[in-house]
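Worksheet for the structure shown next.
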Amino acid sequence: MLIIHQFPCLSDNYGFLFHDPASGETAAIDTPDADEYLRQAASKGWTISHIWNTHWHPDHAGGNLKIKSATGAHITGPANEADKIPGLDRPVGQGDTVQLGDVSAHILDVPGHTLGHIAYHIPSQMSAFVGDAVFALGCGRIFEGTPEMMWQSLSKIKALPAETVLYCAHEYTAANARFAVTIEPNNGALLAYADDIQARREKQEWTVPTVLARELACNPFLRADDPGLQSAMGYPGDAVATFAKIRQLKDNF
Ligand code: ZN
Ligand code: FE
Numbered sequence: 373m374l375i376i377h378q379f380p381c382l383s384d385n386y387g388f389l390f391h392d393p394a395s396g397e398t399a400a401i402d403t404p405d406a407d408e409y410l411r412q413a414a415s416k417g418w419t420i421s422h423i424w425n426t427h428w429h430p431d432h433a434g435g436n437l438k439i440k441s442a443t444g445a446h447i448t449g450p451a452n453e454a455d456k457i458p459g460l461d462r463p464v465g466q467g468d469t470v471q472l473g474d475v476s477a478h479i480l481d482v483p484g485h486t487l488g489h490i491a492y493h494i495p496s497q498m499s500a501f502v503g504d505a506v507f508a509l510g511c512g513r514i515f516e517g518t519p520e521m522m523w524q525s526l527s528k529i530k531a532l533p534a535e536t537v538l539y540c541a542h543e544y545t546a547a548n549a550r551f552a553v554t555i556e557p558n559n560g561a562l563l564a565y566a567d568d569i570q571a572r573r574e575k576q577e578w579t580v581p582t583v584l585a586r587e588l589a590c591n592p593f594l595r596a597d598d599p600g601l602q603s604a605m606g607y608p609g610d611a612v613a614t615f616a617k618i619r620q621l622k623d624n625f
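In our numbering, the protein residues as written are 373 to 625.
Structure follows, in C-alpha cells:
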C-alpha cells in the first residue's frame with residue numbers, strides 16, 4: 373500500500389509525495405516549490421526518486437530542475453507539451469502506464485486547461501492525481517483548449533469508478549462552492565456539501581482530496597450532461613454548450 377503525504381505549498385497549491393515502502397521509491401506529483409518538497413521528503417526520511425508532472429505551469433513544474441539536481445529524480449510528464457517540461461525524461465500520453473515500484477498509474481490525456489494536461493489514475497489505490505483539470509466543486513480554467521475539449525477531458529474523469537479519490541492541485545473549494553450554489557440552488561447534496569466546506573475552511577481544514585461520487589452529485593462542471601441543469605442554462609440536450617456557459621459564468625463570477 374502506498375503512503376500519500378499531502379502538504380500545502382505556495383499560496384494555495386497542495387504538494388503530494390507518495391511513497392512505496394516495498395521498493396523505497398518516492399514520487400513527487402508536480403513540483404510547485406522545490407525547497408518545500410525536499411524538506412517534506414526529508415522529514416519523512418524519503419528521497420524523491422520520481423517526478424510526475426500533470427502540466428507545464430510553473431506552479432506544477434517550476435521545481436523540476438532543482439529537485440532533479442538534488443536527488444537525480446526521473447521526470448515523467450505530458451508528451452503533448454514535452455518542450456515546456458523542464459528536465460523531462462519520459463513523455464507520456466493517453467494509455468501509457470507509469471510505475472512506482474509495483475504500483476501502476478494509468479495516464480489520461482485531459483487537455484483544456486493546457487493542451488497537454490494529463491492525469492495519473494492509480495486503480496490499485498482507487499486514486500487519481502488530476503492536477504488542474506478538476507477541483508472540488510470546480511474545474512481548471514480553459515487557458516489553451518476549448519470548452520468541447522475540456523468537457524471531453526472531464527468526461528474521462530467522470531467515467532472512473534465513483535469511489536475514486538481525486539487529489540486536486542489547489543484549495544479553491546470555498547470559492548467554488550459559493551459559485552456552485554448559484555448554478556444549482558436546489559441541489560440538496562450540493563447545499564449540504566457547501567455547508568460542510570464552509571465549516572471545514574473555518575477550521576482551516578483541507579477539502580482536498582475529494583471523492584468522485586460526491587463531485588458527480590454536486591460539481592456543476594461535471595453535471596453539464598444533467599437534463600435539468602441543461603434546461604436551466606438554456607441548452608437542453610447540449611452538454612458542451614451547457615458546460616461552456618457554466619465555465620463562462622464562473623470566469624466572470
Ligand atoms: Zn495550471
Ligand atoms: Fe495550478
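From the three backbone atoms N, C-alpha and C, an ideal C-beta is built for every residue, glycine too.
- The three-state secondary structure of Ala-400, taken from DSSP, is strand.
- Look at the segment 584-622 and you find these whole runs of alpha helix (DSSP H), each 4 residues long or longer: 584-590, 599-605.
- Contact between the segment 400-416 and the segment 505-519 is absent, with fewer than three C-beta pairs closer than 8 Å.
- Under the Cβ criterion (8 Å, minimum of three pairs), the segment 443-462 counts as touching the segment 417-433.
- Not one heavy atom of the ligand ZN sits closer than 7 Å to the Cβ of Asp-455.
- Boundaries for Ile-569: no beta strand (DSSP E) harbours it, while the alpha helix (DSSP H) harbouring it runs 560-574, taken from the DSSP string.
- When DSSP states are grouped into helix, strand and coil, Pro-495 belongs to the helix group.
- In this structure, Asp-405 has its beta carbon at no less than 7 Å from each heavy atom of the ligand ZN.
- Going by beta carbons, Ala-508 and Glu-587 fall inside the 8 Å limit.
- Within the same chain, and ignoring the five residues on either side of Phe-551 in sequence, the residues whose Cβ sits closer than 6 Å to its Cβ are Lys-622, Phe-625.
- The continuous alpha helix (DSSP H) containing Leu-526 extends over residues 519-530.
- Judged by beta-carbon spacing, Glu-556 lies within the 8 Å limit of Pro-592, meaning their Cβ atoms are closer than that value.
- When DSSP reads this structure, His-432 sits in no beta bridge, so it has no partner.
- Using a cutoff of 7 Å, the CB of Gly-512 counts as near the ligand ZN, since one of the ligand's heavy atoms is closer than that.
- In the DSSP assignment, Asn-385 falls within the unbroken beta strand (DSSP E) covering 385-392.
- Collapsing the DSSP output to three states places Ser-441 in a helix.
- In this chain, the alpha helix (DSSP H) harbouring Gln-412 covers 406-416.
- Counting only the Cα atoms, Leu-472 lies some 21 Å from Lys-438.
- If you compare the alpha carbons of Ile-618, Cys-590, Ala-589 with that of Gln-602, the shortest gap goes to Ile-618.
- Comparing C-alpha distances from Lys-440 to each of Leu-410, Val-537, Lys-575 shows the shortest one belongs to Leu-410.
- Scanning Val-475, Val-502, Glu-453, Arg-572 for the CA closest to the CA of Thr-486 turns up Glu-453.
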